[in-house]
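In our numbering, the protein residues as written are 438 to 967.
For reference, the structure is listed below as structure tokens.
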Ligand code: G4P
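Dropping the structure here:
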């Protein structure tokens with residue numbers, strides 16, 4: 438098969454949601470359709486139920502051994518589908534943000550009763566900023582929830598989206614009769630049976646036909662006709678170009694648990710969702726159908742199995758094909774590396790493969806060469822952009838609690854930061870190390886992993902910092918205002934892992950003061966400007 442055909446077949450996407458909206462259930466039903474798993478319950482939830490470290494460690498241990506949940510791949514109707522796992526827990530939001538740099542589109546799952554929730558808002562905002570094509574799936578229609586039109590309004594207002602429904606519910610909760618599929622022009626009646634057969638779909642292009650009353654009650658038929666009239670009046674028709682550019686988001690309704698409305702979602706998804714997209718590097722835009730391989734690391738997963746201490750670097754292939762045992766240039770290190778056992782992912786398994794194509798993810802065994810954001814090519818010097826660091830929310834000094842193990846501690850911190858577990862800042866004036874995280878849970882995870890994987894012990898000390906702001910150096914490094922800022926804020930200046938200057942502000946007020954006093958100074962809340 439030609440490279441072009443392989444690329445056109447691929448759909449690489451992520452499912453995002455607030456915890457509990459139904460991401461795991463939907464993923465599982467998609468895999469069932471792909472024939473990739475045989476029964477429900479096979480996909481492990483990555484949920485941290487009680488927010489406890491032990492919970493997290495348990496999940497990590499399971500995943501470390503079968504890392505497969507990070508990427509779930511399956512074939513469906515001539516398409517190769519790659520689902521990238523995105524943790525829903527807010528303490529791991531940064532991991533999700535990074536994964537979003539490797540997807541070509543996303544499906545947003547919303548609970549019909551809860552509507553738009555906090556974590557959905559944050560994640561969708563990131564997708565919107567990047568114009569990632571999004572499809573919305575409103576889940577749990579078998580339960581009582583919000584009115585469909587109110588919910589569509591909420592999605593538009595809270596998430597800043599421009600929706601167009603491609604299916605519409607007939608009733609809800611106890612009274613849920615089924616779904617009219619606007620995209621395919623047919624009706625699916627709900628039977629509450631998770632083994633529902635697709636043949637039961639009833640083609641219904643003329644919604645005014647009296648046959649509708651025979652299928653659903655007179656009242657339901659009248660309501661549906663009214664609803665659809667309103668839909669066609671209020672919402673624009675589906676426009677694929679608008680969807681692909683992030684300007685319009687189609688909406689589906691269903692019940693993942695009952696496997697209802699999922700097949701419709703999947704069929705439409707494979708048809709409209711983009712195949713692998715071009716990606717910007719600092720040097721140029723790279724097209725997926727370029728013959729030469731390029732790719733970047735978006736995730737590093739430590740192997741929690743003590744017998745295999747290596748890590749797995751997840752590489753998204755941007756262009757061409759990746760071949761086993763072929764030397765590739767690691768552009769940051771400037772050296773060529775060969776991989777004898779690259780892993781590809783199928784459903785819940787990973788296996789060694791000889792060749793993978795643009796859009797696919799390969800897992801490379803790593804002994805410390807990779808950092809998140811690293812680029813691999815066939816020889817061209819490229820650096821892919823777009824894996825920003827966000828300002829952490831929590832800051833603590835990290836101290837060595839076992840002086841005999843300082844080397845181990847240093848190595849451990851270094852590697853955990855490369856994995857993107859947290860961010861390290863080194864204070865300019867005294868060299869002390871500060872760990873910044875998105876959630877308090879990460880401190881326990883770091884402590885646990887330092888001890889169990891590196892044999893090092895650490896303790897923390899509170900450092901009441903409000904936000905990290907990346908400082909953009911002025912054109913003239915001798916600018917008197919800039920020098921004054923450096924002098925006055927000396928004790929709050931640090932370097933991040935890339936050596937960039939960061940101002941650790943202790944309050945929103947102090948950021949405001951700095952902005953007023955040094956209006957020319959450029960402060961950034963993400964490292965993306967770099
Ligand atoms: P998440 O990955 O987004 O966090 O959500 P997950 O799929 O784990 O679903 C959260 C809960 O919602 C689960 O129940 C799941 O069974 C339920 N759920 C998912 N889809 C539907 C649906 O369409 N209708 C209804 N009624 N429920 C749905 P749980 O009790 O928390 O977990 P479990 O014990 O059933 O696994």
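Positions of the beta carbon are idealized from the N, C-alpha and C atoms, including for glycine.
| Query | Result |
| --- | --- |
| Residues bridged to residue 639 [DSSP beta-bridge criterion] | 624 |
| Three-way DSSP call (helix, strand, coil) for residue 721 in this model | coil |
| Beta strand (DSSP E) runs contained entirely in the stretch 905-965, provided each spans 3 or more residues | 930-932, 938-942 and 959-961 |
| DSSP state of residue 672 mapped onto helix, strand, coil | coil |
| Straight-line Cα distance separating residue 561 from residue 611 | 31 Å |
| Same chain only: Cβ atoms within 7 Å of residue 957, ignoring 5 sequence neighbours per side | 911 and 918 |
| Buried or exposed (CB count within 10 angstroms, at least 16 for buried), residue 882 | buried |
| Coil, strand or helix - residue 854 by DSSP | helix |
| Given 8 Å, three or more beta-carbon pairs between the stretch 547-561 and the stretch 443-458 | yes |
| For residue 649 and residue 530, the rounded distance between their alpha carbons | 46 Å |
| Cβ neighbour criterion (16 or more within 10 Å) applied to residue 898 | exposed |
| Sufficient close CB pairs (3 or more, under 8 Å) joining the stretch 718-726 to the stretch 776-787 | no |
| Contiguous beta strand (DSSP E) assignments of at least 3 residues, all confined to the stretch 728-793 | 731-739, 748-756, 758-760, 765-767, 772-774, 780-783 and 786-789 |
| The stretch 605-624 touching the stretch 640-648, judged by at least three CB pairs closer than 8 Å | yes |
| Strand pairing of residue 516, partner residues [DSSP] | 513 |
| Touching by the beta-carbon criterion (3+ pairs, under 8 Å), the stretch 866-883 and the stretch 516-528 | yes |
| Distance CB(residue 936)-CB(residue 449) smaller than 8 Å | no |
| C-alpha distance - residue 949 paired with residue 577, whole-angstrom precision | 45 Å |
| As assigned by DSSP and simplified to three states, the class of residue 682 | coil |
| Ligand 2 heavy atom lying under 7 Å from the CB of residue 800 | With respect to small molecules bound, the structure shown includes ligand 1 and not ligand 2. |
| Residue 504 versus residue 738: straight-line alpha-carbon distance, rounded | For residue 504, the predicted model reports a pLDDT of 41, less than 50, meaning its position is unreliable; a value from the coordinates is still stated below. So the two alpha carbons sit approximately 8 Å from each other. |
| Sequence-distant residues of the same chain with beta carbon closer than 6 Å to residue 694, five excluded per side | 462 |
| Neighbourhood of residue 514 by C-beta distance below 7 Å, restricted to the same chain and skipping five residues each side | 707 |
| As assigned by DSSP and simplified to three states, the class of residue 584 | coil |
| Cβ pair count under 8 Å reaching 3, the stretch 885-893 against the stretch 815-834 | no |
| Between the CA atoms of residue 852 and residue 954 - distance to the nearest angstrom | 38 Å |
| Pairwise C-alpha distance: residue 627 and residue 440 | 41 Å |
| Alpha-carbon to alpha-carbon, residue 592 and residue 445 | 31 Å |
| Unbroken beta strand (DSSP E) run spanning residue 870, endpoints | 870-874 |
| Member of 559, 904, 524 and 518 whose CA lies at the smallest distance from the CA of residue 944 | 904 |
| Start and end residues, alpha helix (DSSP H) containing residue 883 | 878-891 |
| Proximity test, residue 700 beta-carbon vs ligand 1 heavy atom, cut-off 7 Å | no |
| When 837, 460, 599 and 832 are compared against residue 682, the one with the closest alpha-carbon | 599 |
| Reference residue 942, options 963, 906 and 924, closest by Cα | 906 |
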